[in-house]
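Trainee:
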Amino acid sequence: MRIDQLLWCLRYYKSRAQANEACRKGAVKINDQTVKPSREVIPTDRVAVRKNQLWYRFTLLDVPKTRMAAKLVDIYRMDTTPSDALTHQEMQDQAWVKGRDKGLGRPTKKDRRAMDDFQEESTQTPDPPTEE
1 MRIDQLLWCL RYYKSRAQAN EACRKGAVKI NDQTVKPSRE VIPTDRVAVR
51 KNQLWYRFTL LDVPKTRMAA KLVDIYRMDT TPSDALTHQE MQDQAWVKGR
101 DKGLGRPTKK DRRAMDDFQE ESTQTPDPPT EE
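Residues in the sequence shown are numbered from 1 upward in steps of one, following the working numbering.
(1) Looking only at C-alpha atoms, which of PRO107, ARG112, LYS110 and ARG2 sits nearest to VAL47?
(2) Per the DSSP calculation, PHE118 is bridged to which residue(s)?
(3) Closest to THR34 by C-alpha separation, out of PRO82, THR44 and ARG50, would be which residue?
(4) Check ARG106 in the structure and name its three-state DSSP category.
(5) If we call anything under 8 Å between Cβ atoms a contact, is ARG39 one with ILE30?
(6) If you measure from the beta carbon of GLY105 to each beta carbon in chain B, is any gap under 8 Å?
(7) Can you tell me which of ASP117, PRO43, ARG67 and LEU72 puts its alpha carbon nearest to the alpha carbon of LEU60?
(8) Within this structure, are the beta carbons of CYS9 and ARG57 separated by less than 8 Å?
(9) Skipping 5 residues on each side, what residues in its chain have a beta carbon closer than 8 Å to that of PRO107?
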């Protein structure tokens, strides 16, 4: 089976075209060698895939016949990705989720209306004092 087809079957990429492109860019290695999309894989190959700034590593246990359910992927591969890399990725994801602090970022619709009301009040000239 071709490496681009294998990466699609094991659900590393959503389409074969994306897997093909990753191979062309050098984001896929078999046994520590950068490979072309047409490279054939055999069981016991060590595969490394760079995706989302993280090298995922696995050892191929068996070659699947076709794309399968996500639950069955571990039958065909043994994940050897270092756990510290995954932990680092999770920490980055959690840091990114942080919400917007008050007063930072673009104003909301409510904020814009309040600013418009404030500007309208300040631009209206007060009536001159009358002498009585």
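Glycine is no exception: its CB is placed at the ideal position from the N, C-alpha and C atoms. Being a predicted model, the structure only gives us computed values, none of them experimental.
Mentor: Quick answer:
(1) ARG2
(2) Note: PHE118 sits in no beta bridge, so no partner.
(3) Answer by Cα proximity: ARG50.
(4) Secondary structure of ARG106 (DSSP, three-state): coil.
(5) yes
(6) No chain B appears in this structure, which consists of one protein chain only.
(7) PRO43
(8) no
(9) MET115
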